[in-house]
Amino acid sequence: MRAARRARQIGATALQIFSDNPTAWRRRPEPPADAPAFVAYAAANGIDPIAIHASYLINLAGSAEPFASRSRANLIHELQHAQRYGARLVNTHIGSHRGMGHAPGLRRIVANVDAILGDTPPETLLVLENSSGGGDNIGSTLEQLAEILEGVDSEVAPRLAFCLDTAHLWGAGYDISTLEGATAVLDRFDELIGLGRLRLVHLNDSRAERGSRTDRHEHVGAGLIGPGGLGAILRDPRLRARTAVMLETPGVDEGYDAVNIRRALLLFRGAQELPVLPPKAFRLSRRSTRAGPGEAAGGRRRTRRGPVRPAG
Ligand SMILES: [Zn+2]
185 MRAARRARQI GATALQIFSD NPTAWRRRPE PPADAPAFVA YAAANGIDPI AIHASYLINL
245 AGSAEPFASR SRANLIHELQ HAQRYGARLV NTHIGSHRGM GHAPGLRRIV ANVDAILGDT
305 PPETLLVLEN SSGGGDNIGS TLEQLAEILE GVDSEVAPRL AFCLDTAHLW GAGYDISTLE
365 GATAVLDRFD ELIGLGRLRL VHLNDSRAER GSRTDRHEHV GAGLIGPGGL GAILRDPRLR
425 ARTAVMLETP GVDEGYDAVN IRRALLLFRG AQELPVLPPK AFRLSRRSTR AGPGEAAGGR
485 RRTRRGPVRP AG
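Residue numbers (this note's numbering): 185 to 496.
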């Protein structure tokens with residue numbers, strides 16, 4: 185309920201939550217007691233869609249046990265319970281082949297996606313997020329995302345969707361700092377996958393160099409991507425119909441969720457430049473957000489280290 189109230193307070197019309205601790209395997213067997221109130225409040229206040237961000241530990245490409253089985257079971261659990269949080273979308277990082285090679289990693293991802301979607305309610309969508317490509321992570325290029333889709337069983341493929349995290353695109357080397365660059369990425373996504381499957385954008389600026397394969401989120405328009413490219417993505421009319429935009433920017437506990445949603449709205453309405461943020465906005469504790477479940481307005485990403493490496 186705290187998450188939903190905060191979303192309303194800052195004018196959010198979409199919400200990404202964790203159903204449990206994002207850095208742990210354990211998933212609570214049942215949603216919290218206030219889940220029905222949360223769902224009703226979100227619906228009454230036009231907060232739609234709601235997405236669940238799965239545990240950061242998940243690795244769909246790994247073979248090591250018990251992590252492989254846990255990853256699958258964890259996502260099945262999230263999709264089976266998603267509707268009780270009012271969520272149709274379950275977002276997950278794809279994971280790393282951990283030196284075992286791209287082809288076997290890809291095969292494991294496809295087998296896992298088939299198994300997960302085969303065992304979960306037809307209303308739910310599994311949303312795979314692009315990576316910045318560090319640590320043998322699969323899914324740092326649009327071609328790799330398309331390969332997954334091509335491998336998945338056609339019976340369940342309609343329930344497979346994708347998330348583009350702008351900071352990860354940048355880390356993977358895509359120059360999305362300009363209108364042309366950002367539009368080219370969406371064009372290519374459309375060609376390979378179809379923008380109808382782009383259900384989430386994680387709108388994060390980046391403080392890591394382009395192509396560095398690291399993932400360090402920055403306030404909207406205040407990082408190395410900048411307002412031009414992020415604004416182009418927000419304003420692309422092709423994303424109007426189905427794509428929800430979530431912020432995973434720093435300083436949620438310090439109130440920067442409200443600052444960043446304002447900045448995103450300015451860009452959406454056509455601003456080419458954004459207000460300069462005070463120096464203290466860049467001195468937030470690296471881990472400035474609580475790791476507890478049900479946080480407000482956009483999930484958070486640990487910014488205290490580079491690529492988020494799955495454990496499996
Ligand atoms: Zn993300």
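Each residue gets a CB set at the ideal place from its N, CA and C atoms; glycine is no exception.
Remember, predicted model here, so these are calculated numbers, not experimental data.
For residue i, does the three-state DSSP call read helix, strand or coil?
{"i": "N296", "result": "helix"}
{"i": "G478", "result": "The predicted model places G478 with a pLDDT of 32, which falls under 50 and marks its position as unreliable; any figure quoted below should be read in that light. In the structure shown, G478 sits in coil (DSSP, three-state: anything other than H, G, I, E or B)."}
{"i": "D359", "result": "coil"}
{"i": "H261", "result": "helix"}
{"i": "D498", "result": "The question about residue 498 has no answer, for the chain in this structure spans 185 to 496."}
{"i": "A266", "result": "helix"}
{"i": "V223", "result": "helix"}
{"i": "E313", "result": "strand"}
{"i": "L244", "result": "coil"}
{"i": "L384", "result": "strand"}
{"i": "S255", "result": "helix"}
{"i": "D232", "result": "coil"}
{"i": "T276", "result": "strand"}
{"i": "Y392", "result": "According to the sequence as given, residue 392 is Ala; it is not Tyr. Residue state, collapsed to three classes: coil."}
{"i": "A465", "result": "helix"}
{"i": "A287", "result": "helix"}
{"i": "S472", "result": "Because the pLDDT at S472 is just 42, under 50, the model does not fix this residue reliably, and the point stays unresolved."}
{"i": "E151", "result": "Past the edges of the chain, shown from 185 to 496, lies residue 151, and the structure says nothing about it."}
{"i": "A368", "result": "helix"}
{"i": "H501", "result": "Only positions 185 to 496 of the chain appear in the structure, and residue 501 is not among them; the question remains open."}
{"i": "P215", "result": "coil"}
{"i": "A341", "result": "helix"}
{"i": "I322", "result": "coil"}
Less than 7 Å between the CB of residue i and some heavy atom of ligand 1, yes or no?
{"i": "E432", "result": "yes"}
{"i": "H386", "result": "yes"}
{"i": "D349", "result": "yes"}
{"i": "E339", "result": "no"}
{"i": "A313", "result": "For the sequence presented, residue 313 should be read as Glu rather than Ala. Answer for E313: yes, Cβ within range of ligand 1."}
Hey, out of the options, whose CA is closest to residue i's CA?
{"i": "P233", "options": "T308, A392, A356 and E364", "result": "T308"}
{"i": "L461", "options": "F452, R447, R453 and G454", "result": "R447"}
{"i": "L382", "options": "A330, R391 and F251", "result": "A330"}
{"i": "F373", "options": "G270, P459, C347 and S247", "result": "C347"}
{"i": "S539", "options": "R282, E438, G405 and P206", "result": "Since the first residue of the chain shown is 185 and the last is 496, residue 539 is not available in this structure."}
{"i": "E438", "options": "L468, P213, W209 and P306", "result": "L468"}
{"i": "T276", "options": "I293, A287 and G283", "result": "I293"}
{"i": "R343", "options": "V297, W354, G395 and N314", "result": "V297"}
{"i": "L458", "options": "G407, E432 and I417", "result": "G407"}
{"i": "I300", "options": "Q264, G285, L333 and S324", "result": "Q264"}
{"i": "L414", "options": "G395, W354, G378 and E375", "result": "W354"}
{"i": "H401", "options": "L384, L370 and V436", "result": "V436"}
{"i": "R419", "options": "L376, L451 and L379", "result": "L451"}
{"i": "R394", "options": "G302, Y358, E334 and R186", "result": "Y358"}
{"i": "I231", "options": "Q200, G246 and P306", "result": "Q200"}
{"i": "I322", "options": "T362, L333 and H281", "result": "H281"}
{"i": "R190", "options": "F222, L273, R211 and R210", "result": "F222"}
{"i": "I236", "options": "R268, I194 and P463", "result": "R268"}
{"i": "S316", "options": "T304, G289 and D349", "result": "D349"}
{"i": "I332", "options": "L310, L290, D303 and H352", "result": "L290"}
Would you give the residue range spanned by the beta strand (DSSP E) that residue i belongs to?
{"i": "Q200", "result": "L199 to I201"}
{"i": "D204", "result": "From DSSP, D204 is part of no beta strand (DSSP E); its letter is neither H nor E."}
{"i": "F346", "result": "L344 to D349"}
{"i": "M430", "result": "A428 to M430"}
In the DSSP assignment, find the alpha helix (DSSP H) that holds residue i and state where it starts and stops.
{"i": "N444", "result": "Y440 to F452"}
{"i": "I332", "result": "L326 to G335"}
{"i": "A186", "result": "It is Arg, not Ala, that sits at residue 186 in the sequence shown. Looking at the DSSP string, the run of the alpha helix (DSSP H) that includes R186 is R186 to Q193."}
Got a sec: is the Cβ-Cβ distance from residue i to anything in chain D below 8 Å?
{"i": "R272", "result": "Annotation note: the requested chain D is absent from the structure, which comprises a single protein chain."}
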